[in-house]
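Residue numbers (our numbering): 1 to 109.
Note that beta-carbon positions come from the ideal geometry of N, C-alpha and C, so glycine has one too.
None of these values were measured; they are calculated from a predicted model.
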């Protein structure tokens, strides 16, 4: 089974792809307030922890339903960096924490 850390687009995309091949998929996301399972996918709130045996312990101390975790995928986002472009010269703005690109459609250069 797989633990995907992150709750935005990249994590959701990865989790959707894994549902068809992994025995169980866990998604740890800050927007989740309580554990929610649909089929063999469980969304986990922040504060959940992974034990050395692969079991997931919830913030309330209970163990999450599902199989032990074999693989962890960090899908926590990324920063846009184009060192080969002079962003000022081409008019690109990467936002306050470099998490998006303006004025491009779909962040495509």
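Ignore the nearest five residues each way along the sequence and tell me which others in residue i's own chain have a CB closer than 6 Å to its CB.
{"i": "residue 29", "result": "7"}
{"i": "residue 18", "result": "2 and 25"}
{"i": "residue 79", "result": "98"}
{"i": "residue 90", "result": "none"}
According to DSSP, is residue i part of a helix, a strand, or is it coil?
{"i": "residue 18", "result": "helix"}
{"i": "residue 89", "result": "helix"}
{"i": "residue 81", "result": "coil"}
Which residues in the same chain have their Cβ closer than 8 Å to the Cβ of residue i, if we skip the five residues on either side of it in sequence?
{"i": "residue 20", "result": "none"}
{"i": "residue 77", "result": "6, 8, 10 and 99"}
{"i": "residue 70", "result": "1, 2 and 54"}
Within the continuous beta strand (DSSP E) that includes residue i, where are the two ends?
{"i": "residue 36", "result": "36–38"}
{"i": "residue 42", "result": "41–44"}
{"i": "residue 73", "result": "71–74"}
{"i": "residue 28", "result": "25–28"}
{"i": "residue 3", "result": "2–5"}
On the DSSP bridge list, what partners appear for residue i?
{"i": "residue 57", "result": "49 and 63"}
{"i": "residue 98", "result": "DSSP output for residue 98 lists no bridge partner at all."}
With contact counted as at least three CB pairs below 8 Å, one residue from each stretch, are the region 39–47 and the region 57–71 in contact? Under the Cβ criterion (8 Å, minimum of three pairs), the region 39–47 counts as touching the region 57–71.
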